[in-house]
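K.L.:
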Amino acid sequence: MASRARVRAPELIGKGGWLNTGGNDLTLTDLRGRIVILDFWTFCCVNCLHVLDELRELEERHRDSVVIIGVHSPKFVHEADHQAVVDAVERYGVEHPVLDDPELATWKQYAVRAWPTLVVIDPEGYVVAQHAGEGHAHAIEALVEELIAEHGAKGTLRRGDGPYVPPEPVATDLRFPGKAVRLPGGTFLVSDTTRHQLVELAADGEEVLRRIGSGERGLGPDSFNEPQGLALLPDGTVAVADTVNHAVRVFDPATGTLETVAGTGKQWWQGSPTAGPAREVDLSSPWDLAWWQDRLWIAMAGVHQIWAYDPADGTVAVAAGTTNEGLVDGPAAEAWFAQPSGLAAAGDRLWIADSETSAVRWIERAADDAVDGYVVRTAVGTGLFDFGHRDGAAEQALLQHPLGVTALPDGSVAVADTYNHALRRYDPASGEVTTLATDLREPSAAVLADDDIVVVESARHRLTRLRLPEEAVRVESVAHRTQRAATDIAPGTLRLDVVFQAPAGQKLDIRYGPSTRLLVSATPPELLADGAGAGTDLARDLVLADGASEGVLHVSAMAASCDDAPDVEYPACHVHQQDWGVPVRITGDGAARLGLVLAGLDAE
């Protein structure tokens with residue numbers, strides 16, 4: 099086995115304490131003899147949720163020798179609230195210890211730069227690998243097998259039960275519901291996300307009439323996997339965004355049947371088809387749905403796009419977005435989204451809750467004959483790093499990770515402002531944002547019911563009925579920015595190195611051309627005088643603009659590696675990808691190189 103750099107793993111510290119340990123605090127000394135995988139995550143991040151699912155099989159297979167530790171490292175202010183972390187751990191079925199690190203203490207000790215990041219620590223307490231982004235489960239599996247063999251032979255591997263202690267279950271009719279739709283008979287259909295079911299409630303929004311689904315994760319005729327969005331279709335059936343199954347299903351309330359209409363059950367990766375027969379095209383974490391202009395529109399949170407399913411010919415295709423994460427308006431094919439999670443159709447507009455940019459946006463037909471198809475515009479929100487609770491003119495108003503939008507009868511839009519625990523309203527006529535209600539625990543959606551609006555209070559496990567208020571609630575304005583320490587860099591030319599080391603037994607796949615991709619941009623764009631744009635080399639010289647003082651570098655990298663087996667005609671291949679947003683401050687004594695680890699260890 100190849101020798102590795104011996105870097106002692108820093109201790110695990112977090113002001114919020116430990117979850118899923120039965121009240122016990124853990125140290126690396128307690129874990130000595132086990133292979134430890136640190137998963138730096140935050141619960142707003144869909145890529146982090148993908149990694150949780152990627153690790154489930156490995157976690158189960160090696161439960162006697164591997165301990166996964168989730169290090170919760172918040173982006174949004176709400177995510178630093180301890181109870182919110184407790185809720186998220188249950189909501190997403192996390193079955194390993196979690197360290198709540200609201201001040202990013204352990205994040206800083208390990209020099210982490212992006213969500214998600216995985217760090218592997220060997221049984222003797224040394225860091226042996228780091229991986230940023232998704233798609234690394236196969237590489238970590240191979241490394242784990244290697245470490246088990248090495249340390250088993252040395253006598254430094256200690257097998258046995260891990261420190262995970264499951265929390266006591268809580269009895270409620272709903273458990274972290276995601277979305278709801280009102281059926282023609284006046285009842286409500288709710289996605290009971292954490293229990294992998296749909297639940298029909300009576301018109302009062304409380305009495306359970308029936309449950310749909312076995313409650314076990316799956317893609318069978320009686321199962322879901324963390325379903326979210328629901329949309330009533332013209333024929334009375336209901337489309338379901340079966341999020342972790344990466345599929346769109348259709349449920350018939352009259353017959354109780356469930357059919358898959360789009361998706362294969364596999365997650366979409368760069369290079370996969372983006373259009374075609376709907377049952378043959380992979381999807382990625384569809385989060386919400388809306389029927390608009392004779393098609394079913396899909397908020398594809400996992401790849402920062404909007405897709406559309408056409409039932410007339412059974413096809414699905416990308417409708418808007420490039421897969422780059424951010425806030426860029428314009429022609430639909432050139433727009434950037436960031437985890438779109440809510441949709442609402444209203445006349446000639448499709449409203450979008452773009453959660454990671456804390457924005458409300460919309461799609462409409464292009465009025466300019468020079469632009470083909472649709473265009474994307476923003477009503478509220480400025481980008482990935484600004485959020486808060488501020489009412490007033492839309493251009494300066496702030497939201498915090500909204501997950502739902504609801505078209506109101508007067509042409510305005512209600513916004514489930516999830517991390518502000520509020521229901522907000524944007525009025526296109528006046529250009530004003532107001533607050534309709536507060537003290538709603540993580541509202542994720544809302545649905546109209548006559549003169550009322552029924553809010554899905556996800557973290558209170560219920561539907562809450564409100565009268566649509568005529569006047570806005572007054573709240574104290576507050577603004578936030580993502581609290582991550584800026585990296586000091588020197589003026590002039592900055593060497594950007596994305597580190598990628600193919601897993602053991604694999605190599606970069608260059609049979610059909612370059613197998614790597616690098617995309618660089620900046621906020622503000624004027625930060626870079628040269629070096630922005632796309633390319634295939636994972637190293638690049640960036641030229642900082644004269645007089646620039648600070649900003650954010652946006653780096654998106656992808657690498658494809660395949661099994662190094664010359665005698666195999668079609669070796670198994672894997673895609674590794676990650677997006678970084680790196681706050682930087684330009685100083686005279688700053689670094690002239692920025693190293694970002696996609697997979698492996700940075701030797702410099």
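Going by the numbering used here, the first residue of the sequence shown is number 99, and it counts up by one from there. Beta carbons are placed, not taken as given, at the ideal position from N, Cα and C, and that holds for glycine. All figures in this text were calculated on a predicted structure; none of them were measured in a lab.
#1: Is the beta carbon of PRO384 closer than 8 Å to that of LEU394?
#2: Locate the alpha helix (DSSP H) running through LEU150, then write down its first and last residues.
#3: Would GLN181 be called buried (16 or more neighbouring beta carbons within 10 Å of its own) or exposed?
#4: Just to confirm, are LEU156 and ALA235 a CB contact at a threshold of 8 Å?
#5: Just to confirm my understanding: we take ALA620, look at its own chain, exclude 5 residues before and 5 after, and list those with CB closer than 8 Å. What are they?
#6: Could you check what DSSP says for ARG691 in three-state terms: helix, strand or coil?
#7: Please report the distance separating the alpha-carbon of ALA588 from that of GLU624.
#8: In whole angstroms, give me the CA-to-CA distance for ALA520 and VAL279.
#9: Excluding sequence positions up to five away, which residues of its chain have a Cβ less than 6 Å from the Cβ of VAL469?
#10: By Cβ distance, which residues of its chain are closer than 6 Å to ARG691, with the 5 residues on each side in sequence left out?
#11: Could you spell out where the alpha helix (DSSP H) holding VAL183 opens and where it closes?
#12: Select from SER171, VAL196, ASN145 and CYS146 the residue whose C-alpha is nearest the C-alpha of LEU124.
#13: Assuming GLU555 contacts PRO541 (C-beta within less than 8 Å), just tell me the rounded distance between them.
#14: Compute the distance between the beta-carbons of LEU694 and ALA230, then report whether it is under 8 Å.
#15: Have a look at GLU574, PRO267 and LEU153 and flag the residue whose alpha-carbon is nearest the alpha-carbon of ASN118.
#16: Between GLN403 and ALA418, is the Cβ-Cβ spacing less than 8 Å?
#17: What number of angstroms, rounded off, separates the C-alpha of ASP302 from the C-alpha of LEU330?
#18: Using the Cα positions of VAL169 and LEU546, report the straight-line distance between them to the nearest angstrom.
#19: Identify every residue that forms a DSSP beta bridge with SER619.
#20: Per DSSP, what kind of secondary structure is HIS487 in: helix, strand or coil?
#21: Say the cut is 7 Å; is the CB of MET398 nearer than that to a heavy atom of the ligand MG?
#22: Taking Cβ to Cβ, would you say VAL165 is nearer than 8 Å to VAL192?
#23: Under the assumption that GLY233 contacts HIS674 (Cβ atoms under 8 Å), give the Cβ distance between them as a whole number of angstroms.
#24: Thinking just about the alpha-carbon of each residue, which of ALA465, LEU448 and VAL473 is nearest to the one in GLU432?
#25: What number of angstroms, rounded off, separates the C-alpha of THR704 from the C-alpha of LEU272?
#26: Hey, how far is the Cα of ALA57 from the Cα of ALA505?
#27: Measure the Cβ-Cβ separation of THR516 and LEU501 and say whether it is below 8 Å.
#28: Output yes or no for whether 8 Å exceeds the beta carbon distance between ILE111 and ALA203.
P.N.:
Once the coordinates are examined:
#1: Here residue 394 refers to the residue found at position 296 when the sequence shown is read from its first residue. Here residue 384 refers to the residue found at position 286 when the sequence shown is read from its first residue. For LEU394 and PRO384, no; Cβs fall outside 8 Å.
#2: Here residue 150 refers to the residue found at position 52 when the sequence shown is read from its first residue. 144–159 is the extent of the alpha helix (DSSP H) around LEU150.
#3: Taking the sequence shown and counting its residues from 1, one reaches residue 181 at position 83. With fewer than 16 Cβ atoms within 10 Å of its Cβ, GLN181 is classed as exposed.
#4: Taking the sequence shown and counting its residues from 1, the one referred to as residue 156 is at position 58. Taking the sequence shown and counting its residues from 1, the one referred to as residue 235 is at position 137. Against a cut-off of 8 Å, the Cβ pair of ALA235 and LEU156 comes out as a contact.
#5: For the purposes of this step, residue 620 is taken as the residue at position 522 of the sequence shown. So the qualifying residues of the chain are LEU626, ALA630, GLY649, VAL650, LEU651 and HIS652.
#6: Within the sequence shown, the letter at position 593 stands for residue 691. DSSP places ARG691 in strand when its eight states are reduced to three.
#7: The residue labelled residue 588 in the question sits at position 490 within the sequence shown. The residue labelled residue 624 in the question sits at position 526 within the sequence shown. Computed Cα separation, rounded: 16 Å.
#8: By one-based count along the sequence shown, residue 520 stands at place 422. By one-based count along the sequence shown, residue 279 stands at place 181. Between ALA520 and VAL279, the C-alpha separation is close to 20 Å.
#9: In the sequence shown, the residue the question calls residue 469 occupies position 371. Because VAL469 sits at a pLDDT of 49, beneath the cut-off of 50, its placement in the model cannot be relied upon, and the point is left open.
#10: Numbered from 1 along the sequence shown, position 593 holds the residue referred to as residue 691. Within the same chain, ARG593 come within 6 Å of ARG691 by CB-CB distance, once the 5 residues on both sides are set aside.
#11: Here residue 183 refers to the residue found at position 85 when the sequence shown is read from its first residue. It spans 180–189 - the alpha helix (DSSP H) in which VAL183 sits, taken as one unbroken run.
#12: For the purposes of this step, residue 124 is taken as residue 26 along the sequence shown, with counting starting at 1. Nearest option by C-alpha distance: VAL196.
#13: The residue you call residue 555 lines up with position 457 of the sequence shown. The residue you call residue 541 lines up with position 443 of the sequence shown. About 6 Å separates the two Cβ atoms, so the contact holds.
#14: Taking the first residue of the sequence shown as 1, we reach residue 694 at position 596. Taking the first residue of the sequence shown as 1, we reach residue 230 at position 132. Annotated as proximal: LEU694 and ALA230, with beta-carbon spacing under 8 Å.
#15: Here residue 118 is taken as the residue at index 20 of the sequence shown, counted from 1. Ranking GLU574, PRO267 and LEU153 by Cα distance to ASN118 puts PRO267 first.
#16: Position 305 of the sequence shown, counted from the first residue, corresponds to residue 403. Position 320 of the sequence shown, counted from the first residue, corresponds to residue 418. Pairing GLN403 with ALA418 gives a Cβ-Cβ distance under 8 Å.
#17: What you label residue 302 is simply residue 204 of the sequence shown in a count that begins at 1. What you label residue 330 is simply residue 232 of the sequence shown in a count that begins at 1. Going from the Cα of ASP302 to the Cα of LEU330 covers about 19 Å.
#18: Along the sequence shown, read from residue 1 onward, the residue named residue 169 stands at position 71. Along the sequence shown, read from residue 1 onward, the residue named residue 546 stands at position 448. In this model, VAL169 and LEU546 are separated by some 39 Å (Cα to Cα).
#19: Here residue 619 corresponds to residue number 521 of the sequence shown, with the count starting at 1. In DSSP, SER619 forms a bridge with HIS652.
#20: Stepping through the sequence shown from its first residue, residue 487 is reached at position 389. Annotated three-state conformation of HIS487 is strand, per DSSP.
#21: The model depicted lacks the ligand MG and carries no ligand whatsoever.
#22: Start at 1 with the first residue of the sequence shown, and residue 165 comes out as number 67. Start at 1 with the first residue of the sequence shown, and residue 192 comes out as number 94. Cβ atoms of VAL165 and VAL192: not closer than 8 Å.
#23: For the purposes of this step, residue 233 is taken as residue 135 along the sequence shown, with counting starting at 1. For the purposes of this step, residue 674 is taken as residue 576 along the sequence shown, with counting starting at 1. About 5 Å separates the two Cβ atoms, so the contact holds.
#24: For the purposes of this step, residue 432 is identified with residue 334 of the sequence shown, where counting begins at 1. Looking at the Cα atoms, VAL473 is the closest of the given residues.
#25: The chain is shown only over 99 to 702; residue 704 falls outside these bounds and no answer can be derived.
#26: Not covered by the structure: residue 57. The range shown for the chain is 99 to 702.
#27: As a first step, residue 516 is located in the sequence shown; it is residue number 418 there, counting from the start. As a first step, residue 501 is located in the sequence shown; it is residue number 403 there, counting from the start. The answer is yes: Cβ separation under 8 Å.
#28: The residue you call residue 111 lines up with position 13 of the sequence shown. The residue you call residue 203 lines up with position 105 of the sequence shown. Contact flag set, yes.
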